[in-house]
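Heads up: the structure comes next, in C-alpha coordinates.
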Amino acid sequence: MLSEKSIRNSNSSAVPTAHIVKGSDQIDKHTSTYTENESAAPDMPLLASGRKKRWSHGSLFFSLFFFVPLIISRPLPIETWVLQTLGYLSFVILYIKAINQPVKTLPTYLLLMFLLSVACSFQNPGGATIIGFIAFIVGYYNSLKTGIMSIGVMMLVLVSLHITVFNNAHFLLSASLLNSLVLFGFGVMERKETLHSLKESQQAEALRILSAIAERERIGRDLHDVAGHALSSISLKAQLADKLISKDKIEDAHREVKALAQLSQALLSDIRQAVSDIKQLSLSDEIAKDKSLLEENGFNVTTDIEGGAEARLSAKQESQLALIIKELTTNTLRYSNGNAVSLGLEVNEQTVKMTYKDHGVVENTASIKEGNGLMGIRERAASIHADVDISFLPHPIVRVQLTAEQALSHKASL
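Quick note on this note's numbering: the sequence shown kicks off at 45 and runs consecutively.
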(Lines of atoms letter the chains of each structure in order from A; the text may use other names.)
(Lines give C-alpha, C1' and ligand atoms only; values in the text may rest on other atoms or scores of the structure.)
Protein backbone atom coordinates (compact mmCIF):
# COMPACT_ATOMS: atom_id res chain seq x y z
CA MET A 45 0.00 0.00 0.00
CA LEU A 46 1.40 3.38 -1.02
CA SER A 47 1.70 6.07 1.59
CA GLU A 48 0.23 9.47 0.88
CA LYS A 49 3.69 11.02 0.94
CA SER A 50 5.12 8.53 -1.56
CA ILE A 51 2.20 9.07 -3.91
CA ARG A 52 2.62 12.85 -3.73
CA ASN A 53 6.35 12.55 -4.49
CA SER A 54 5.90 10.17 -7.42
CA ASN A 55 6.18 11.26 -11.06
CA SER A 56 3.53 13.89 -11.69
CA SER A 57 2.67 12.25 -15.01
CA ALA A 58 1.72 9.05 -13.22
CA VAL A 59 -1.10 10.57 -11.16
CA PRO A 60 -2.89 13.78 -12.15
CA THR A 61 -2.91 16.46 -9.48
CA ALA A 62 -6.69 16.50 -9.47
CA HIS A 63 -6.77 12.84 -8.42
CA ILE A 64 -4.28 13.41 -5.62
CA VAL A 65 -6.19 16.44 -4.35
CA LYS A 66 -9.45 14.50 -4.52
CA GLY A 67 -7.98 11.55 -2.65
CA SER A 68 -6.40 13.83 -0.06
CA ASP A 69 -9.73 15.57 0.41
CA GLN A 70 -11.29 12.16 1.08
CA ILE A 71 -8.72 11.43 3.79
CA ASP A 72 -9.19 14.86 5.37
CA LYS A 73 -12.98 14.45 5.20
CA HIS A 74 -12.86 11.06 6.93
CA THR A 75 -10.49 12.39 9.58
CA SER A 76 -12.53 15.50 10.31
CA THR A 77 -15.72 13.45 10.37
CA TYR A 78 -14.43 11.24 13.16
CA THR A 79 -12.97 14.19 15.03
CA GLU A 80 -16.36 15.91 14.97
CA ASN A 81 -18.16 12.70 15.77
CA GLU A 82 -16.24 12.20 19.00
CA SER A 83 -18.71 14.68 20.44
CA ALA A 84 -21.60 13.82 18.12
CA ALA A 85 -22.15 10.18 19.10
CA PRO A 86 -21.13 8.23 15.96
CA ASP A 87 -22.40 4.72 15.36
CA MET A 88 -20.11 2.72 17.63
CA PRO A 89 -19.53 -0.99 17.00
CA LEU A 90 -21.61 -3.11 19.36
CA LEU A 91 -19.85 -4.38 22.46
CA ALA A 92 -20.95 -7.86 21.41
CA SER A 93 -19.37 -7.60 17.93
CA GLY A 94 -15.93 -8.47 16.61
CA ARG A 95 -13.01 -8.61 19.02
CA LYS A 96 -15.05 -6.88 21.73
CA LYS A 97 -17.45 -9.82 22.03
CA ARG A 98 -15.01 -12.11 23.82
CA TRP A 99 -13.91 -9.39 26.26
CA SER A 100 -17.51 -8.23 26.91
CA HIS A 101 -18.62 -11.71 27.85
CA GLY A 102 -15.39 -12.49 29.73
CA SER A 103 -15.83 -9.43 31.93
CA LEU A 104 -18.88 -11.12 33.49
CA PHE A 105 -16.36 -13.00 35.63
CA PHE A 106 -15.94 -9.83 37.70
CA SER A 107 -19.69 -9.67 38.28
CA LEU A 108 -19.27 -12.61 40.67
CA PHE A 109 -18.19 -10.02 43.27
CA PHE A 110 -21.94 -9.56 43.57
CA PHE A 111 -21.95 -12.61 45.89
CA VAL A 112 -18.98 -11.59 48.10
CA PRO A 113 -21.06 -9.64 50.70
CA LEU A 114 -23.50 -12.57 50.90
CA ILE A 115 -20.69 -15.03 51.55
CA ILE A 116 -19.17 -12.77 54.21
CA SER A 117 -22.56 -12.34 55.91
CA ARG A 118 -23.30 -16.06 56.32
CA PRO A 119 -25.48 -17.61 57.55
CA LEU A 120 -28.38 -16.12 55.60
CA PRO A 121 -31.90 -17.43 55.03
CA ILE A 122 -32.31 -19.60 51.97
CA GLU A 123 -34.90 -17.16 50.65
CA THR A 124 -32.25 -14.44 50.51
CA TRP A 125 -29.91 -16.65 48.49
CA VAL A 126 -32.68 -17.60 46.08
CA LEU A 127 -33.79 -14.00 45.53
CA GLN A 128 -30.23 -12.72 45.09
CA THR A 129 -29.35 -15.54 42.69
CA LEU A 130 -32.44 -14.76 40.63
CA GLY A 131 -31.46 -11.10 40.70
CA TYR A 132 -27.95 -11.94 39.49
CA LEU A 133 -29.24 -14.15 36.67
CA SER A 134 -31.61 -11.36 35.65
CA PHE A 135 -28.64 -8.97 35.55
CA VAL A 136 -26.65 -11.35 33.30
CA ILE A 137 -29.58 -11.64 30.88
CA LEU A 138 -30.10 -7.86 30.78
CA TYR A 139 -26.38 -7.23 30.30
CA ILE A 140 -26.06 -9.69 27.40
CA LYS A 141 -29.12 -8.18 25.74
CA ALA A 142 -27.80 -4.65 26.33
CA ILE A 143 -24.43 -5.22 24.64
CA ASN A 144 -26.29 -6.60 21.60
CA GLN A 145 -28.62 -3.60 21.29
CA PRO A 146 -28.23 -0.45 19.17
CA VAL A 147 -27.81 2.80 21.08
CA LYS A 148 -31.41 3.94 20.65
CA THR A 149 -32.78 0.95 22.62
CA LEU A 150 -30.07 0.95 25.30
CA PRO A 151 -31.72 3.33 27.84
CA THR A 152 -34.50 0.83 28.56
CA TYR A 153 -32.05 -1.96 29.40
CA LEU A 154 -29.78 0.33 31.43
CA LEU A 155 -32.76 1.61 33.44
CA LEU A 156 -33.86 -1.97 34.17
CA MET A 157 -30.32 -2.84 35.26
CA PHE A 158 -30.23 0.20 37.57
CA LEU A 159 -33.59 -0.68 39.16
CA LEU A 160 -32.38 -4.26 39.58
CA SER A 161 -29.22 -3.07 41.35
CA VAL A 162 -31.33 -0.94 43.73
CA ALA A 163 -33.68 -3.85 44.43
CA CYS A 164 -30.80 -6.24 45.14
CA SER A 165 -29.07 -3.68 47.36
CA PHE A 166 -31.81 -3.91 50.01
CA GLN A 167 -30.33 -7.25 51.02
CA ASN A 168 -26.93 -7.22 49.36
CA PRO A 169 -24.36 -4.38 49.04
CA GLY A 170 -22.99 -6.38 46.08
CA GLY A 171 -25.65 -4.67 44.00
CA ALA A 172 -22.99 -1.97 43.49
CA THR A 173 -21.30 -4.39 41.06
CA ILE A 174 -24.17 -3.99 38.58
CA ILE A 175 -23.80 -0.20 38.72
CA GLY A 176 -20.23 -0.52 37.40
CA PHE A 177 -21.33 -2.42 34.29
CA ILE A 178 -23.94 0.27 33.57
CA ALA A 179 -21.27 2.99 33.86
CA PHE A 180 -18.95 1.20 31.43
CA ILE A 181 -21.69 0.87 28.79
CA VAL A 182 -22.61 4.56 29.22
CA GLY A 183 -18.96 5.63 28.84
CA TYR A 184 -18.48 3.55 25.70
CA TYR A 185 -21.59 4.47 23.74
CA ASN A 186 -21.88 8.18 24.61
CA SER A 187 -19.78 11.27 24.03
CA LEU A 188 -17.83 12.48 27.05
CA LYS A 189 -20.29 15.31 27.74
CA THR A 190 -23.37 13.09 27.49
CA GLY A 191 -21.69 10.35 29.50
CA ILE A 192 -20.72 12.69 32.34
CA MET A 193 -24.27 14.06 32.48
CA SER A 194 -25.73 10.54 32.58
CA ILE A 195 -23.35 9.37 35.29
CA GLY A 196 -23.99 12.59 37.23
CA VAL A 197 -27.74 11.95 37.23
CA MET A 198 -27.16 8.34 38.30
CA MET A 199 -24.94 9.45 41.18
CA LEU A 200 -27.50 12.01 42.37
CA VAL A 201 -30.11 9.27 42.45
CA LEU A 202 -27.70 7.02 44.38
CA VAL A 203 -26.99 9.76 46.94
CA SER A 204 -30.73 10.42 47.31
CA LEU A 205 -31.40 6.71 47.85
CA HIS A 206 -28.50 6.59 50.30
CA ILE A 207 -30.07 9.35 52.42
CA THR A 208 -33.73 8.42 52.16
CA VAL A 209 -33.93 4.64 51.72
CA PHE A 210 -30.76 2.84 52.73
CA ASN A 211 -30.30 4.54 56.08
CA ASN A 212 -26.83 5.94 55.39
CA ALA A 213 -25.32 2.66 54.19
CA HIS A 214 -21.92 4.21 53.59
CA PHE A 215 -20.30 1.08 52.19
CA LEU A 216 -23.00 0.68 49.54
CA LEU A 217 -22.77 4.31 48.44
CA SER A 218 -18.98 4.49 48.36
CA ALA A 219 -18.70 1.17 46.49
CA SER A 220 -21.31 2.28 43.93
CA LEU A 221 -19.70 5.68 43.32
CA LEU A 222 -16.15 4.32 43.09
CA ASN A 223 -17.19 1.45 40.85
CA SER A 224 -19.13 3.80 38.57
CA LEU A 225 -16.29 6.31 38.20
CA VAL A 226 -13.60 3.70 37.51
CA LEU A 227 -15.59 1.70 34.96
CA PHE A 228 -16.97 4.83 33.32
CA GLY A 229 -13.34 5.84 32.75
CA PHE A 230 -12.60 2.46 31.18
CA GLY A 231 -15.62 2.89 28.91
CA VAL A 232 -14.41 6.33 27.80
CA MET A 233 -10.93 4.96 27.01
CA GLU A 234 -12.40 2.05 25.07
CA ARG A 235 -14.52 4.51 23.10
CA LYS A 236 -11.48 6.66 22.22
CA GLU A 237 -9.50 3.60 21.13
CA THR A 238 -12.39 2.39 18.96
CA LEU A 239 -12.82 5.82 17.33
CA HIS A 240 -9.08 5.92 16.65
CA SER A 241 -9.23 2.49 15.01
CA LEU A 242 -12.20 3.53 12.88
CA LYS A 243 -10.39 6.67 11.77
CA GLU A 244 -7.25 4.70 10.87
CA SER A 245 -9.37 2.22 8.91
CA GLN A 246 -10.99 5.03 6.94
CA GLN A 247 -7.60 6.60 6.22
CA ALA A 248 -6.22 3.25 5.07
CA GLU A 249 -9.20 2.81 2.76
CA ALA A 250 -8.68 6.29 1.28
CA LEU A 251 -5.00 5.52 0.72
CA ARG A 252 -5.94 2.25 -0.99
CA ILE A 253 -8.17 4.28 -3.32
CA LEU A 254 -5.23 6.58 -4.07
CA SER A 255 -3.03 3.55 -4.74
CA ALA A 256 -5.59 2.14 -7.17
CA ILE A 257 -5.80 5.50 -8.97
CA ALA A 258 -1.99 5.64 -9.20
CA GLU A 259 -1.85 2.10 -10.58
CA ARG A 260 -4.53 2.79 -13.20
CA GLU A 261 -2.69 5.91 -14.31
CA ARG A 262 0.60 3.99 -14.50
CA ILE A 263 -0.98 1.28 -16.63
CA GLY A 264 -2.52 3.90 -18.93
CA ARG A 265 0.82 5.71 -19.24
CA ASP A 266 2.72 2.50 -19.96
CA LEU A 267 0.26 1.41 -22.65
CA HIS A 268 0.35 4.90 -24.15
CA ASP A 269 4.15 4.85 -24.23
CA VAL A 270 4.16 1.38 -25.80
CA ALA A 271 1.45 1.94 -28.38
CA GLY A 272 1.51 5.68 -29.09
CA HIS A 273 4.73 5.94 -31.13
CA ALA A 274 4.22 2.59 -32.88
CA LEU A 275 0.67 3.44 -33.96
CA SER A 276 1.83 6.82 -35.30
CA SER A 277 4.52 5.09 -37.36
CA ILE A 278 2.04 2.51 -38.61
CA SER A 279 -0.37 5.26 -39.67
CA LEU A 280 2.35 7.17 -41.55
CA LYS A 281 3.66 4.07 -43.32
CA ALA A 282 0.13 3.04 -44.30
CA GLN A 283 -0.45 6.51 -45.82
CA LEU A 284 2.92 6.35 -47.59
CA ALA A 285 2.17 2.89 -49.01
CA ASP A 286 -1.17 4.17 -50.30
CA LYS A 287 0.52 7.11 -52.10
CA LEU A 288 3.19 4.84 -53.58
CA ILE A 289 0.52 2.49 -54.96
CA SER A 290 -1.35 5.43 -56.46
CA LYS A 291 1.90 6.43 -58.23
CA ASP A 292 2.46 2.83 -59.43
CA LYS A 293 5.59 2.48 -57.31
CA ILE A 294 4.61 -1.05 -56.37
CA GLU A 295 8.06 -2.22 -55.27
CA ASP A 296 8.47 0.70 -52.85
CA ALA A 297 4.92 0.16 -51.62
CA HIS A 298 5.67 -3.53 -50.90
CA ARG A 299 8.69 -2.45 -48.87
CA GLU A 300 6.56 -0.12 -46.79
CA VAL A 301 3.88 -2.80 -46.29
CA LYS A 302 6.54 -5.25 -45.03
CA ALA A 303 7.81 -2.58 -42.62
CA LEU A 304 4.21 -2.02 -41.57
CA ALA A 305 3.80 -5.73 -40.78
CA GLN A 306 7.01 -5.74 -38.74
CA LEU A 307 5.89 -2.70 -36.78
CA SER A 308 2.50 -4.35 -36.09
CA GLN A 309 4.15 -7.55 -34.85
CA ALA A 310 6.55 -5.61 -32.62
CA LEU A 311 3.65 -3.58 -31.21
CA LEU A 312 1.65 -6.74 -30.51
CA SER A 313 4.63 -8.26 -28.70
CA ASP A 314 5.17 -5.10 -26.63
CA ILE A 315 1.50 -4.96 -25.63
CA ARG A 316 1.53 -8.64 -24.64
CA GLN A 317 4.60 -8.03 -22.50
CA ALA A 318 3.00 -5.00 -20.87
CA VAL A 319 -0.20 -6.94 -20.12
CA SER A 320 1.86 -9.84 -18.76
CA ASP A 321 3.67 -7.45 -16.40
CA ILE A 322 0.32 -6.07 -15.22
CA LYS A 323 -1.16 -9.51 -14.61
CA GLN A 324 1.84 -10.88 -12.75
CA LEU A 325 1.46 -10.55 -8.99
CA SER A 326 4.46 -10.21 -6.75
CA LEU A 327 4.24 -12.87 -4.04
CA SER A 328 6.18 -10.78 -1.52
CA ASP A 329 3.98 -7.73 -2.17
CA GLU A 330 0.79 -9.80 -1.79
CA ILE A 331 2.04 -11.33 1.48
CA ALA A 332 2.94 -7.88 2.84
CA LYS A 333 -0.45 -6.46 1.82
CA ASP A 334 -2.42 -9.37 3.31
CA LYS A 335 -0.37 -9.29 6.52
CA SER A 336 -1.11 -5.59 6.93
CA LEU A 337 -4.82 -6.19 6.27
CA LEU A 338 -5.02 -9.00 8.85
CA GLU A 339 -3.17 -6.93 11.47
CA GLU A 340 -5.54 -4.01 10.86
CA ASN A 341 -8.39 -6.37 11.76
CA GLY A 342 -6.79 -7.52 15.02
CA PHE A 343 -4.92 -10.67 13.93
CA ASN A 344 -1.40 -11.50 15.07
CA VAL A 345 0.41 -12.59 11.88
CA THR A 346 3.61 -14.66 11.91
CA THR A 347 5.49 -15.15 8.62
CA ASP A 348 8.40 -17.46 7.90
CA ILE A 349 9.50 -16.88 4.31
CA GLU A 350 12.74 -18.54 3.28
CA GLY A 351 15.11 -16.49 1.16
CA GLY A 352 15.16 -17.30 -2.54
CA ALA A 353 11.65 -18.73 -2.52
CA GLU A 354 10.33 -16.44 -5.25
CA ALA A 355 13.41 -17.11 -7.40
CA ARG A 356 12.41 -20.78 -7.60
CA LEU A 357 8.95 -19.94 -8.94
CA SER A 358 7.87 -19.10 -12.46
CA ALA A 359 5.75 -16.00 -13.08
CA LYS A 360 2.60 -18.12 -13.30
CA GLN A 361 3.38 -20.04 -10.12
CA GLU A 362 4.14 -16.83 -8.24
CA SER A 363 0.88 -15.23 -9.39
CA GLN A 364 -1.23 -18.28 -8.52
CA LEU A 365 0.33 -18.65 -5.06
CA ALA A 366 -0.27 -14.94 -4.44
CA LEU A 367 -3.95 -15.34 -5.42
CA ILE A 368 -4.26 -18.43 -3.18
CA ILE A 369 -2.88 -16.49 -0.19
CA LYS A 370 -5.23 -13.61 -0.99
CA GLU A 371 -8.24 -15.98 -0.98
CA LEU A 372 -7.12 -17.57 2.29
CA THR A 373 -6.80 -14.12 3.87
CA THR A 374 -10.33 -13.28 2.73
CA ASN A 375 -11.66 -16.52 4.27
CA THR A 376 -9.90 -15.73 7.57
CA LEU A 377 -11.42 -12.25 7.72
CA ARG A 378 -14.88 -13.61 6.96
CA TYR A 379 -15.08 -16.78 9.02
CA SER A 380 -12.25 -17.10 11.56
CA ASN A 381 -13.00 -17.09 15.28
CA GLY A 382 -9.30 -16.85 16.14
CA ASN A 383 -6.86 -13.97 16.40
CA ALA A 384 -3.63 -15.39 14.92
CA VAL A 385 -2.40 -16.54 11.51
CA SER A 386 0.85 -18.26 10.48
CA LEU A 387 2.22 -18.20 6.92
CA GLY A 388 5.29 -20.09 5.83
CA LEU A 389 7.11 -20.56 2.51
CA GLU A 390 9.64 -23.37 2.65
CA VAL A 391 12.14 -24.24 -0.07
CA ASN A 392 14.53 -27.17 -0.38
CA GLU A 393 16.18 -29.07 -3.21
CA GLN A 394 13.01 -30.91 -4.26
CA THR A 395 9.99 -28.95 -3.08
CA VAL A 396 8.52 -25.51 -2.70
CA LYS A 397 5.86 -25.61 0.04
CA MET A 398 3.48 -22.90 1.23
CA THR A 399 1.64 -23.41 4.55
CA TYR A 400 -1.17 -21.14 5.76
CA LYS A 401 -2.52 -21.78 9.26
CA ASP A 402 -5.52 -20.06 10.83
CA HIS A 403 -5.33 -20.53 14.62
CA GLY A 404 -9.09 -20.31 15.04
CA VAL A 405 -10.72 -23.50 16.38
CA VAL A 406 -13.19 -25.41 14.19
CA GLU A 407 -15.75 -27.06 16.45
CA ASN A 408 -17.86 -28.89 13.88
CA THR A 409 -16.23 -30.01 10.62
CA ALA A 410 -19.43 -31.71 9.47
CA SER A 411 -21.00 -28.30 8.82
CA ILE A 412 -18.11 -27.16 6.59
CA LYS A 413 -18.76 -27.24 2.86
CA GLU A 414 -16.19 -26.19 0.31
CA GLY A 415 -17.51 -23.12 -1.44
CA ASN A 416 -16.17 -21.14 -4.37
CA GLY A 417 -13.19 -19.94 -2.36
CA LEU A 418 -11.72 -23.34 -1.51
CA MET A 419 -12.67 -24.75 -4.92
CA GLY A 420 -10.86 -21.81 -6.51
CA ILE A 421 -7.78 -22.58 -4.41
CA ARG A 422 -7.80 -26.19 -5.65
CA GLU A 423 -8.20 -25.04 -9.26
CA ARG A 424 -5.35 -22.53 -8.97
CA ALA A 425 -3.10 -25.19 -7.43
CA ALA A 426 -4.03 -27.61 -10.23
CA SER A 427 -3.16 -24.99 -12.86
CA ILE A 428 0.48 -25.07 -11.68
CA HIS A 429 0.44 -28.84 -11.04
CA ALA A 430 0.77 -28.36 -7.28
CA ASP A 431 -0.56 -30.64 -4.56
CA VAL A 432 -2.97 -28.99 -2.13
CA ASP A 433 -3.98 -30.32 1.28
CA ILE A 434 -6.79 -28.66 3.26
CA SER A 435 -7.55 -29.72 6.85
CA PHE A 436 -9.73 -28.21 9.58
CA LEU A 437 -8.89 -30.03 12.84
CA PRO A 438 -7.98 -28.59 15.21
CA HIS A 439 -7.24 -25.48 13.11
CA PRO A 440 -7.82 -24.66 9.43
CA ILE A 441 -4.54 -25.39 7.59
CA VAL A 442 -3.88 -25.19 3.85
CA ARG A 443 -0.66 -26.61 2.37
CA VAL A 444 0.33 -26.13 -1.26
CA GLN A 445 3.38 -28.09 -2.39
CA LEU A 446 5.20 -27.88 -5.71
CA THR A 447 8.12 -30.16 -6.56
CA ALA A 448 11.33 -28.69 -7.91
CA GLU A 449 11.03 -30.73 -11.13
CA GLN A 450 7.57 -29.24 -11.75
CA ALA A 451 8.91 -25.77 -11.08
CA LEU A 452 11.79 -26.22 -13.52
CA SER A 453 9.51 -27.68 -16.19
CA HIS A 454 7.18 -24.70 -15.89
CA LYS A 455 10.08 -22.26 -16.14
CA ALA A 456 11.23 -23.99 -19.28
CA SER A 457 7.76 -23.90 -20.82
CA LEU A 458 7.52 -20.17 -20.15
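Using N, Cα and C, we set each Cβ at its ideal position, and we do this for glycine too.
Environment of Arg235 [buried if 16+ CB atoms lie within 10 Å]: For the purposes of this step, residue 235 is taken as residue 191 along the sequence shown, with counting starting at 1. Around the CB of Arg235, 16 or more other CB atoms lie within 10 Å, so the residue is classed as buried.
Pair within 9 Å by beta-carbon distance, Ser380 and Thr347: The residue you call residue 380 lines up with position 336 of the sequence shown. The residue you call residue 347 lines up with position 303 of the sequence shown. Not a contact, by the Cβ cut-off of 9 Å.
Residues bridged to Glu18 (per DSSP): Here the chain covers residues 45 to 458 and nothing more, so residue 18 does not appear.
Asp348 - containing beta strand (DSSP E), residue span: Translated into positions along the sequence shown, residue 348 becomes position 304. Residues Asn344 to Ile349.
Range covered by the beta strand (DSSP E) that runs through Asp433: On the sequence shown, position 389 is the one that residue 433 refers to. Note, Asp433: beta strand (DSSP E), Asp431 to Ser435.
Among Gly415, Asn341 and Ser107, nearest to Glu249 - alpha-carbon criterion: Here residue 249 refers to the residue found at position 205 when the sequence shown is read from its first residue. Cα-wise, what sits closest to Glu249 is Asn341.
Under 9 Å between C-beta atoms of Ser161 and Tyr139: Here residue 161 refers to the residue found at position 117 of the sequence shown. Here residue 139 refers to the residue found at position 95 of the sequence shown. No. Outside cutoff.
Cβ-based burial, His298 [other Cβ within 10 Å; buried from 16]: Here residue 298 refers to the residue found at position 254 when the sequence shown is read from its first residue. Looking at its Cβ environment, which holds fewer than 16 other Cβ atoms inside 10 Å, His298 is exposed.
Touching by the beta-carbon criterion (3+ pairs, under 8 Å), the segment 144 to 158 and the segment 110 to 127: Segments in contact, no.
Backbone secondary structure at Arg443 - three-state DSSP: Residue numbering aside, residue 443 sits at position 399 when the sequence shown is read from its first letter. It is a strand residue.
DSSP bridge partner residues for Val16 (one or two, in chain order): Residue 16 lies beyond the residue range present for the chain, which begins at 45 and ends at 458; the question has no answer from this structure.
Where the alpha helix (DSSP H) through Ala461 begins and ends: Here the chain has residues from 45 to 458 only, and residue 461 is not among them.
Leu406 versus Pro438 - alpha carbon distance: Counted from its first residue, the sequence shown places residue 406 at position 362. Counted from its first residue, the sequence shown places residue 438 at position 394. Residue identity differs from the one stated: residue 406 is Val in this sequence, not Leu. Between Val406 and Pro438, the C-alpha separation is close to 6 Å.
Inter-residue spacing [alpha-carbon to alpha-carbon] between Ile421 and Leu104: For the purposes of this step, residue 421 is identified with residue 377 of the sequence shown, where counting begins at 1. For the purposes of this step, residue 104 is identified with residue 60 of the sequence shown, where counting begins at 1. For Ile421 and Leu104, the distance between alpha carbons rounds to 41 Å.
Alpha carbon of Ser435 to alpha carbon of Leu389, nearest angstrom: Counted from its first residue, the sequence shown places residue 435 at position 391. Counted from its first residue, the sequence shown places residue 389 at position 345. Using only the alpha carbons, I get a separation of about 18 Å.
Three or more C-beta pairs below 8 Å linking the segment 222 to 231 and the segment 260 to 271: As far as the Cβ criterion goes, the segment 222 to 231 does not touch the segment 260 to 271, which means the pair count is below three.
Whole-number beta carbon distance between Met198 and Phe158, since they are thought to touch under 8 Å: Mapped onto the sequence shown, residue 158 falls at position 114. Mapped onto the sequence shown, residue 198 falls at position 154. At roughly 7 Å, the Cβ-Cβ gap stays under 8 Å, so Phe158 and Met198 are in contact.
Whole-angstrom distance between Asn375 and Asp402, CA atom to CA atom: Taking the first residue of the sequence shown as 1, we reach residue 402 at position 358. Taking the first residue of the sequence shown as 1, we reach residue 375 at position 331. Using only the alpha carbons, I get a separation of about 10 Å.
Top-ranked residue by Cα proximity to Phe343, from Leu239, Arg378 and Val232: Here residue 343 refers to the residue found at position 299 of the sequence shown. Among Leu239, Arg378 and Val232, the Cα nearest to that of Phe343 is on Arg378.
Nearest-angstrom Cβ-Cβ length linking Gly131 and Ala163, presumed shorter than 8 Å: Here residue 131 corresponds to residue number 87 of the sequence shown, with the count starting at 1. Here residue 163 corresponds to residue number 119 of the sequence shown, with the count starting at 1. Right, the Cβ-Cβ distance comes to about 7 Å (below 8 Å), so this counts as a contact.
Inter-residue spacing [alpha-carbon to alpha-carbon] between Ser194 and Ile207: Looking up residue 194 in the sequence shown gives position 150. Looking up residue 207 in the sequence shown gives position 163. Put simply, the backbone Cα of Ser194 is about 20 Å away from that of Ile207.
Leu338 versus Lys370: straight-line alpha-carbon distance, rounded: Taking the first residue of the sequence shown as position 1, residue 338 is located at position 294. Taking the first residue of the sequence shown as position 1, residue 370 is located at position 326. Those two C-alpha atoms are separated by around 11 Å.
Inter-residue spacing [alpha-carbon to alpha-carbon] between Gln309 and Ala282: Here residue 309 corresponds to residue number 265 of the sequence shown, with the count starting at 1. Here residue 282 corresponds to residue number 238 of the sequence shown, with the count starting at 1. The alpha-carbon atoms of Gln309 and Ala282 are separated by roughly 15 Å.
Terminal residues of the alpha helix (DSSP H) in which Gly131 lies: Position 87 of the sequence shown, counting from 1, holds the residue named residue 131. Note, Gly131: alpha helix (DSSP H), Ile122 to Ala142.
Segment contact, 8 Å Cβ cut-off, at least three pairs: the segment 353 to 370 with the segment 424 to 432: Because the criterion of three Cβ pairs below 8 Å is met, the segment 353 to 370 and the segment 424 to 432 touch.
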